[in-house]
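Each protein sequence line maps, in turn, to chains L and C. For the first sequence, the tail end lands on 118 under numbering that gives the first Met the number 0, and the numbers increase by one without skipping. For the second sequence, the tail end lands on 152 under numbering that gives the first Met the number 0, and the numbers increase by one without skipping. Virtual Cβ for every residue (Gly too), placed ideally from N, Cα, C.
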Amino acid sequence: MSVRVMIPTPLRPYAGKRDHVDVAASTVGEALAFLLSEHAELRRHLYQDDGRLRSFVNVYVNDDDIRYLQKEATPVHDGDIVSIVPSIAGGTAVLASCLPGGNNVALRTRRKVCLAGEP
Amino acid sequence: MTMGIRITAALGEEIRRHGASGYPHEVCGALLGRESAGGGNGTLREVLAVLPLENRREESRHNRFSLAPDDVRQAERAARERSLEVVGWYHTHPDHPARPSEFDREHAWPWYSYVILSVTSRVPGEMTSWRLADDRSGYAAERIEEAVGGREN
């Protein structure tokens, strides 16, 4: 059976610039595995090193978050839409002054990302 | 390779108004637009609409923001309805510089433009934009072109 996996804009560069991929699968896990078999670069953006989905990745089957279903074992049926939805969050930290010099280069320190150069 | 984001003055003002009205809390929203035809390599993009969203944090709203997945889906729907894409997100840094924090980096995605507006004592200040490196190691600044013009709905 065919389900459509919708790919959000930040992941399309790793999926041949496609906004969706149609796959044959009976569970969400199978659908994502098929996707990764065709687009291996997606793996580091979707999964942690231990093989679990990153916490910042939400997966929906139609309008339902799979966390409240059977997670990756959630069954999918012909015509279902599986959507990968990125979590969006951010905020300020306790900032020290940035290092001078550089040219739009981000220098990562222990507490923050320190940037030099103006946009 | 130069990266840039173009936004009309009217939409820039809308972000500033949102930031000022939400002070001292962080506010956030979606940037809807498209890659500019003249950008080559997808490095220049135009913001043609902004979608103010609700900061879903219940605590530490002065220095944290988050969106619910349904907010993100709403933004994607709004973009599709206008034949646009979600090209990025904006948020404010109340009483802090418009520079991404480590917390921002940990939660960021590649490709998106992250616009940050500094708001000090309810007065909007510097607005900057950033993109995460593919290897997530840090950000690169991108220039903002703010031009006179209206908004597209």
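Beta carbon proximity, residue i to chain C, threshold 8 angstroms
i        : result
L/Val75  : no
L/Asp64  : yes
L/Ala95  : With a pLDDT of only 36 at L/Ala95, under the threshold of 50, the placement of this residue in the model should not be trusted, and no figure is reported.
L/Ile83  : no
L/Gly15  : no
L/Arg107 : Unreliable positioning characterises L/Arg107 in this predicted model, as indicated by a pLDDT of 36, which lies under 50. A coordinate reading is not provided.
L/Asn57  : yes
L/Ile87  : yes
L/Gly28  : no
L/Gly90  : yes
Buried/exposed call for residue i, threshold 16 Cβ in 10 Å
i        : result
L/Gly101 : Per-residue confidence for L/Gly101 stands at a pLDDT of 34, beneath the threshold of 50, marking its modelled position as unreliable; no derived number is given.
C/Pro93  : buried
C/Glu45  : buried
C/Ala146 : exposed
C/Ala74  : buried
L/Ala14  : buried
C/Ala107 : buried
C/Arg5   : buried
L/Ser36  : exposed
C/Arg63  : buried
C/Glu141 : buried
Residue-level contact to chain L via CB, residue i, 8 angstroms cutoff
i        : result
C/Ser65  : yes
C/His90  : yes
C/Glu57  : no
C/Arg72  : yes
C/Glu151 : At C/Glu151, the pLDDT of 48 sits below 50, so the modelled position is not reliable and the matter cannot be decided from this model.
C/Ser120 : no
C/Glu12  : no
C/His106 : yes
C/His95  : yes
C/Ser100 : yes
C/Val85  : yes
C/Gly38  : Confidence at C/Gly38 is low in this model, with a pLDDT of 48, below 50, so the placement of that residue should be treated as unreliable; the coordinate-derived value is given next. It does not; no Cβ of chain L falls within 8 angstroms.
C/Glu144 : no
C/Tyr111 : yes
C/Pro123 : no
C/Glu80  : no
Boundaries of the alpha helix (DSSP H) in which residue i is found, first to last residue
i        : result
C/Asp69  : Pro68 to Glu80
C/Asp103 : Glu101 to His106
C/Arg15  : Ala8 to Gly21
Separation of residue j from residue i, as counted between CA atoms
i        : j        : result
C/Ser128 : C/Trp88  : 10 angstroms
C/Ile115 : C/Glu57  : 21 angstroms
L/Pro74  : L/Ser25  : 6 angstroms
L/Ile87  : C/Glu101 : 14 angstroms
L/Leu31  : L/Lys70  : 12 angstroms
C/Ser112 : L/Asp79  : 30 angstroms
C/Pro23  : C/Leu66  : 18 angstroms
L/Gln47  : L/Val4   : 20 angstroms
C/Trp110 : L/His76  : 31 angstroms
C/Ser117 : C/Arg104 : 17 angstroms
C/Ile143 : L/Leu34  : 35 angstroms
L/Arg51  : C/Ser120 : 43 angstroms
C/Arg79  : C/Asp69  : 15 angstroms
L/Asp18  : L/Asn61  : 16 angstroms
C/Glu25  : C/Thr91  : 5 angstroms
L/Val84  : C/Gly21  : 26 angstroms
C/Ser82  : C/Leu131 : 25 angstroms
L/Lys16  : L/His38  : 11 angstroms
Range of the contiguous beta strand (DSSP E) that encloses residue i
i        : result
C/Trp110 : Taken as a continuous stretch (DSSP letters only), C/Trp110 belongs to no beta strand (DSSP E), as it is neither H nor E.
L/Leu10  : Run containing L/Leu10: none; DSSP gives neither H nor E here.
L/Met5   : Ser1 to Met5
C/Glu145 : Tyr138 to Ala146
Query - alpha helix (DSSP H) runs wholly inside the segment 28-80 of chain L, at least 4 long, in chain order - result: 42-45
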